[in-house]
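A quick write-up on the structure given underneath.
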Amino acid sequence: MAAGLDSLFREAAETVAAAQALVVTAGAGMGVDSGLPDFRGDTGFWRAYPLYQRLGISFVDAANPEHFEHDPAFGWGFYGHRTNLYRATVPHPGFALLRDWAARLGLDLFVATSNVDGQFQKAGFADDAILEFHGSIHHLQCTGPCCERIWDNREEFGIDHETMRADHVPLCPRCGRAARPNILMFGDYAWIGARTARQQEGFRQFLSRQSGRRIVVVELGAGTAIPTVRAASERIGSLSGARVIRINPREPEIRAPHLSLPCGALEGLSGIEKALGLL
Ligand SMILES: [Zn+2]
């Protein structure tokens, strides 16, 4: 395996070095090396949140917008805990490697992620070069919603870990109802997609500027359960001059000429960095 990975790292490094644009696509697996849970299956979710297992609540149940209608302190138990966790998390060194490549090799850079954790912004990526498919925990909206407003999450949450209830529920400044994270949840008809739509437009313009140029897509930790990120990688990969490097320890498969690296995000990025130094 090790020798096989080394030759894959070299081929990936050659692709990065020859590229003119870098598109980073990332799923939950990107955060694992920063110590974040990826909620992989019910087992992964309950390992991170044992109380929900005792209550018989799955990730799909916890990420349900109805809590904000009926019991917002319970809804904010989950999202307030995650707000605190993501604020406290230090992005692993793989994030900086991606920025270094763009700077050193003069690559145009854009990020497209299903993660709502804000870790790319925290790692210094430009906010106007990030698409968050499912929104962000660092932004709030009205639960109703009464209006289209989206505002920054500056709230502080204390969480009772015995009940997973928040000590505080943020309110909509316009109508006084509970506010909720501007995150697309499961079975969610109230999510305000305007911020993500603006990001989508920025991404579309970025890709149209790259027309005819060599694009490398580095995909990190994006599984098949929620296929948004993989589909985006493959769509860009189908453009002429584009190649996808799929880094995934469990589901690395992708058809040629794209490249499949069966390892975690940080291991894959560090391996490519080392190979870049040997080119
Ligand atoms: Zn409102």
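Numbering (the UniProt record's numbering), first residue to last: 1 to 279.
We put the CB at the ideal spot given by N, CA and C, even for glycine.
What separation, rounded to the nearest whole angstrom, lies between the Cα atoms of residue i and residue j?
i, j, result
"Leu266", "Ile57", "31 Å"
"Met1", "Val218", "Residue placement at Met1 is flagged as unreliable, the pLDDT there being 47, under the threshold of 50; a coordinate-derived value is accordingly withheld."
"Tyr79", "Ala48", "13 Å"
"Trp101", "Leu107", "7 Å"
"Cys172", "Leu105", "45 Å"
"Gln20", "Gln205", "16 Å"
"Gly241", "Leu55", "51 Å"
"Thr43", "Gln53", "9 Å"
"Ser270", "Gly94", "7 Å"
"Thr83", "His168", "13 Å"
"Gly35", "Lys274", "23 Å"
"Pro37", "Phe120", "16 Å"
"Pro50", "Thr89", "20 Å"
"Asp6", "Leu276", "12 Å"
"Thr228", "Val116", "13 Å"
"Arg214", "Ile247", "19 Å"
"Ala103", "Pro72", "44 Å"
"Val60", "Glu162", "20 Å"
"Pro91", "Pro257", "31 Å"
"Trp76", "Gly237", "38 Å"
"Gly4", "Leu279", "17 Å"
"Cys146", "Ile226", "29 Å"
"Ala126", "Glu234", "24 Å"
Less than 7 Å between the C-beta atoms of residue i and residue j, yes or no?
i, j, result
"Leu109", "Leu22", "yes"
"Leu131", "Gln199", "yes"
"Val32", "Val111", "no"
"Thr113", "Ala26", "yes"
"Gly221", "Gly29", "yes"
"Gly135", "Tyr86", "no"
"Ala63", "Phe186", "yes"
"Pro249", "Gly264", "yes"
For residue i, verify whether its CB is less than 6 Å away from any heavy atom of ligand 1.
i, result
"Gly144", "yes"
"Arg40", "no"
"Arg250", "no"
"Arg54", "no"
"Arg174", "yes"
"Arg180", "no"
"Arg177", "yes"
Name the one or two DSSP bridge partners that residue i has.
i, result
"Thr25", "Ala112, Glu219"
"Glu132", "Thr113"
"Ser58", "Answer is none; Ser58 lacks a bridge partner."
"Arg165", "Asp160"
"Cys142", "Ala179"
"Trp151", "Leu140"
"Val244", "Val217"
"Ser260", "Arg246"
"Leu98", "Paired residue(s): none; Leu98 is not in a bridge."
"Leu171", "Ala178"
Can you list, in chain order, the residues of its chain whose CB lies under 7 Å from that of residue i, leaving out five sequence neighbours each side?
i, result
"Ala194", "Glu148, Ile150"
"Val216", "Thr15, Val16, Ala19, Leu22, Arg243, Ile245"
"Gly124", "Arg99"
"Asp128", "Gly202"
Excluding the 5 residues flanking residue i on each side, which residues of the same chain have their C-beta closer than 8 Å to its C-beta?
i, result
"Leu140", "Ile150, Trp151, Asp152, Asn153, Glu155, Pro170, Ala179, Arg180, Pro181, Asn182"
"Gly144", "Cys172, Cys175, Arg177, Ala190"
"Arg209", "Asp108"
Ordered along the chain, which non-local residues of its own chain (more than five positions away) have a Cβ less than 6 Å from that of residue i?
i, result
"Ala12", "Ile245, Leu259, Ile272"
"Phe74", "His67, Arg165"
"His138", "Gly118, Asn153"
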